[in-house]
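Residue numbers (this note's numbering): 4 to 358.
For each residue, glycine too, the CB sits at the ideal point set by N, CA and C.
Since this is a predicted model, take the numbers as computed values, not measurements.
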């Protein structure tokens, strides 16, 4: 039976990309934490002046007075052409002919036909592309939240630093004698101070989550002040809502361990990704603590896809496929031009708390 070399249209490819049934989705902790809205631009640049917010109060006037304008352009106007991502993989003739271990064929008495294998490989490539692209989105969201800047740099992309201009006081590194675990240092006191800094900052916010690196958590769980508050002879009202699990953890890359003051959730974080050279890299330093507020109002921004076949449309991901005659192969490519932007970076706080 001859192989029908189907070239699927974009709608079909996007449908396959959204099928999560065959693969574990990548972590989206930082994306889910603060980047709930999306803006897709019809230009290749992301225009910051179009996504700025302000907190001006409406002025008071008498009913017969003229209206008072409060809208104004952003103080810092500018745009940035996001770094492009475009993974591309072949469905080669040799790959379609051979049995594939990943599809359970090697131990099967009824192997796939070349046609079935072709369709399965195309679907697998698309899902792999989507996972890799979404992991890049997650990296951008993590960098923007933790460091309030994203350094865009690649072998074929000149270095650009996108600085979201968080107040300098929202990034601290504790020194010897002042770190968590040092004598006389109150972890709860420091957290309260940082929460107050966030709350009083321009375009700041009320902290409702603390994300703790694994090294910082090991010190926090041994803190005598916190442990004293968790003693069973304290009533919940006396604990001020303090509820932390210092027992054996499940070993997840992101794990909720309780609350402070009844309202601030605490998560222990140890997720990582694989870099281009194959090395593993932590999304967040294990020595850090990150405070966040819903007021961050992060936005997933996407520049237009620079592809004639996409019609320069504003899409988060644009998949396409085509045939190559020499060498003979079908090529599958996915394109995205992402940038994650925290509208209110002062609604975040990063502290390096252990050595």
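Residues near residue i by beta carbon distance below 6 Å, same chain, minus five either side
i	result
residue 326	333
residue 258	252, 271
Beta-carbon contacts of residue i that lie in its chain and below 8 Å, excluding the five residues immediately before and after
i	result
residue 300	37, 40, 56, 345, 346, 347, 350
residue 240	For residue 240, the predicted model reports a pLDDT of 47, less than 50, meaning its position is unreliable; a value from the coordinates is still stated below. Counting only Cβ-Cβ distances below 8 Å, and skipping sequence neighbours, we find nothing.
residue 184	222, 225, 226, 357
residue 319	41, 43, 303, 305, 339, 341
Opposing strand residues paired with residue i [DSSP bridges]
i	result
residue 345	301
residue 154	164
residue 216	272
residue 192	Paired residues: none, contrary to the question.
residue 322	337
Proximity winner among the options, relative to residue i (alpha-carbon distances)
i	options	result
residue 139	331, 298, 156	156
residue 203	172, 141, 166, 164	172
Inter-residue Cα distance where the pair is residue i and residue j
i	j	result
residue 189	residue 90	48 Å
residue 168	residue 151	7 Å
residue 47	residue 134	23 Å
residue 321	residue 314	11 Å
residue 283	residue 223	26 Å
residue 245	residue 263	5 Å
residue 329	residue 174	54 Å
residue 193	residue 200	11 Å
residue 352	residue 294	5 Å
residue 144	residue 331	39 Å
residue 208	residue 115	56 Å
Contact under 9 Å by Cβ, residue i with residue j
i	j	result
residue 216	residue 273	yes
residue 306	residue 44	yes
residue 92	residue 271	no
residue 289	residue 176	no
residue 337	residue 132	yes
residue 162	residue 149	no
residue 279	residue 158	yes
Cβ-based neighbour list, residue i, same chain, cut-off 7 Å, excluding 5 preceding and 5 following
i	result
residue 267	210, 211, 212, 213
residue 358	182
residue 49	82, 83, 85, 304, 306, 342
residue 316	307, 308
residue 119	none
residue 261	246, 247, 248, 269
Distance cut-off 8 Å: residue i Cβ against heavy atoms of the ligand COA
i	result
residue 163	By its list of ligands, the structure shown contains no ligand whatsoever, and the ligand COA lies outside what it can speak to.
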